[in-house]
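Note that the sequence shown covers residues 1 to 527 in full-length UniProt numbering.
Beta carbons are placed, not taken as given, at the ideal position from N, Cα and C, and that holds for glycine.
Below you'll find the structure, written out as C-alpha cells, and then a few comments.
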Amino acid sequence: MDAAGFQSRIDSYAKCKDHKTVLNEFLNEVKGLSHEQRRLILPKLDFSAMFRTLVKWNNPIYAEPFYELVSLVFENCEAGRIVSENEELLLQFLTHVTPKFQVLLFSLLCRAISEGNVSCFSQVPNLMYELVRSISAEDADSDSPVLNLLEKIILMPRGAEIVFKSDIGNSLAEIMCEIPEIRFQILELASSAASGSKEGLEMVKNCQILEELETGLQGAMAHVDQVGFAATVDCYTKIGSAEWGYEELLASGILSKLEARVVEYGPGTMEDKVMPSIYMFFGAIFKHFPERALKDCPKVVPTVMNLIKISIDRAYVTRTEMEMIGMVAAKPAGKRYLATLMPSSDSVLDHLKKFVQSGSASDKVCSLETTMDLIVLKEEDQTDEMLKLTKSWFESIWISVEKLFQFCKEPFPGVNRTSIPVFVSETVQCRITGLKLLLTLTKLAWGRHEVCLLPSLLSWLVEQEACNDVHFFVNGVADAQVMQLKSDVARVILADKSIPQNVRRTLTINPQVQNDAKKMRCSSGEI
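Right, here's the structure in full:
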C-alpha cells in the first residue's frame, strides 16, 4: 500500500464500525513495511484525525495498539515537527490513563532537544504550562522527567527564554512556594538559566526567583537550615561563574554577606556543615575572575589561610579550604596574590606536606590536587617569575621530584603486606592523582629537567608492572589508567626536542610512546 492508500484508511477510521479490529489491521500493515518504507511513507501521512479519535476515548482496550502505532510514527518522523503540530494530542498524552503514554511523550520531547529543535517548545505554550503544573512533591525524591526536560531546554540556546520569560516562569515561582520539597530543584533550574546568559538572568529576576534564593541566605531559617543554606550557596556558585552573574552578586551584596560569613566562622561549630559550600563558592569566583574577586573580597583568602593553621578535628572542612586555595592559584594573577601573603601561605604548604606524609587517602589526594593547582601553568604563562614561584612551592611540599616518584610507586610505605588488599583502592587512587601531578610537572621546563635527572623514574615510566606486586593491580589486572598516565608523562617529555639522547633512548623502548610523541611534535609545528 502506498501513502495515498494509508491516508485513505486514516481519514475513514472515525466512521468505521469495529474500531479495535480496524486499528489492529492498520497497525499490522504499518508493521509489515520495511524500515526504509516506514521512513519514506509515515512522515507524509496526517494521523491527526485518527489520533484525535483514539486519544479522546482514552480507553484501555485501545491503549496497546494505539501506543504501538504512535511509537512507530514518532520513531520515523522529525520529533520537533510532531511537537509543534500536535499540541492538543500531546496534552492528552500527559493525562492518558495508560502511564506509558507519558513515557512516550517525554521521549519525544527529549528527542526534539537532541535534534537541536528548541523552537518547537515555544509553539506549544499550553503543553509547557501543563507540564510545569504537573510537578509535585514526589519529583523531589525521584528522577523527575519534567525537571530533567526543563533543564535540557534551559541549556539550549534561547532555552531560558522558553522556560522563564512567559507564564511558565511565574508558575515555577508559584510552585516553589506551594511545594517546599521542590524548592531547590527549581532554584537549580533558575541558576542554570541565570548563568547561561545575561538575558536568562534578567528573566529569572523578573520571576522573583532570585529574591526567593536570597531568603535561603538571610531568611529566618538561614542559620537553622544548614542543608538549605549550603544548597543556596551552591546555586550562587553557578550564577557567579558568569561575568553578568558575578556583577549581580556584587551589586546585590551577596558577595559581602558570604565574605562576612567566612570572617565570622568559628571552627568546631555548626558552621562546619556549611563552610565547604562557601569555600567552593569563593574558589569558583577567584578562579574565574581573580583580579576582581580578590579585590572585591579581600578578607577571604587571608582568613582561610589562618584557619588552616588551627589544629582541630575538621579534616573535611580543611580539605575544602585547601581546595579553595588551589582554585585561587588557577591563574597567574591568583598565584601572584598568594605569593604576596607569605609567610601566611607557608602554613598552607606545611599542611599540604603533612597531608601527604601522614594523612588519610582523602588527605593525600587533596594535597596532590591542590599542589597541581598551585603549579599548573599554560604554556603562554610560563614566565621566569611564574616558573620560579611554582618550583619554590613544589619543593616546599615535596622537597624533590624523586620524593613524588617514590610516592607514585608506594603511596602507603611501611604497610604490612598482608594488609595491602584493604588499601588497594586507596593506593590506586593516590597513584593516579600522583601521576597526574607528575604529568603537570613535566609540562613545566624545570619539571622536565628534574625528571630527566632520574634514570630510575624514566625506566619506570615505560616498564610494565611486576605481577607479584598487589599495589599495581586491581582484581589481578594492571590498572589501565595508571599505565596510560605513565605513557602520557613519557610522551610529554619526548615531545621536547631539547631533551638529552640518553633520556630519549630510555623512553622510546615502547614504540607506541615514541609514535605518540612524534605526533605531538607534528601538531605543535616542531617537525
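In the assembly as shown, CYS177 is an exposed residue. Its beta-carbon has fewer than 16 other beta-carbons within 10 Å. Taking 8 angstroms as the cut-off, the beta carbon of VAL489 is found no closer than this to the beta carbon of LEU437. LYS443 and LEU42 have their C-alpha atoms roughly 57 angstroms apart. The alpha carbon of MET322 has as its nearest neighbour, out of ALA293, SER358, TYR279, the alpha carbon of TYR279. Shortest Cα-Cα distance from LYS44 to any of PHE121, TYR67, CYS77, LEU23 involves CYS77. Between SER191 and CYS120, the CB-CB gap reaches or exceeds 8 angstroms. Under the three-state reduction of DSSP output, ARG158 falls in the coil class, being neither helix nor strand. Of the candidates CYS452, ASP296, MET324, the residue whose Cα lies closest to the Cα of LEU307 is MET324. In this structure GLY245 is not in contact with MET203, their Cβ atoms being roughly 13 angstroms apart against a cut-off of 8 angstroms. By the neighbour-count definition (other C-beta atoms within 10 Å, threshold 16), ASN86 is a buried residue.
In the structure shown, ALA495 adopts coil according to DSSP, grouped into three states.
Going by DSSP, GLU410 is part of no alpha helix (DSSP H) at all; its letter is neither H nor E. Of all C-beta pairs linking the region 342-361 to the region 379-391, fewer than three are shorter than 8 angstroms, placing the two stretches out of contact. Spatial neighbours of ILE285 in its own chain (CB-CB distance under 7 angstroms, excluding positions within 5 residues in sequence) are listed in chain order as GLY240, TYR246, ALA293. DSSP places GLY5 inside the alpha helix (DSSP H), whose first and last residues are 3-11. Per DSSP, ASP167 is one residue of the alpha helix (DSSP H) stretching across 167-178. The beta strand (DSSP E) runs of length 3 or more contained entirely in the region 287-361 do not exist; there are none. The Cβ atoms of VAL462 and ILE493 do not sit closer than 8 angstroms to each other. In this structure, DSSP gives ILE399 a state outside helix and strand, which the three-state scheme calls coil.
Annotated three-state conformation of PRO455 is helix, per DSSP. Restricting attention to PRO125, ASP141, LEU201, the CA atom closest to the CA of SER166 is found in PRO125. Here the C-alpha atom of GLU291 lies approximately 42 angstroms from the C-alpha atom of ARG111. In the displayed model, PHE47 falls within coil according to three-state DSSP, outside both helix and strand.
In the structure shown, PRO65 adopts helical secondary structure according to DSSP, grouped into three states. Pairing GLY32 with ASN24, the inter-Cα distance amounts to about 12 angstroms. Across the set LEU368, SER360, LYS331, the C-alpha of LEU368 shows the shortest separation from the C-alpha of VAL348. Within the same chain, Cβ atoms closer than 6 angstroms to the Cβ of PHE6 are found at LEU45, the five residues on either side in sequence being excluded.
Contact between GLY447 and PHE407 fails: their C-beta atoms lie close to 15 angstroms from each other, not under 8 angstroms. In summary, ILE61 is exposed, with fewer than 16 beta-carbon neighbours lying within 10 Å of its beta-carbon over all protein chains present. Residue environment: ILE175 is assigned as buried (16 or more neighbouring CB atoms within 10 Å of its CB, all protein chains considered).
Residue PRO65 holds the alpha-carbon nearest to the alpha-carbon of PHE101 among ASN148, PRO65, SER256.
For SER456 and THR506, the gap between their C-alpha atoms comes out near 10 angstroms. The C-beta separation of ASP139 from ILE182 comes to about 6 angstroms, placing the pair in contact by the 8 angstroms criterion.
Setting aside the 5 residues that flank it on each side, VAL365 is surrounded in the same chain by GLN429, CYS430, THR433, each with a C-beta closer than 8 angstroms to its C-beta; the list follows chain order. Ranked by Cα distance from LEU72, the first of GLU29, LYS56, GLN92 is GLU29. Straight-line spacing of the CA atoms in SER114 and LYS152 works out to 9 angstroms.
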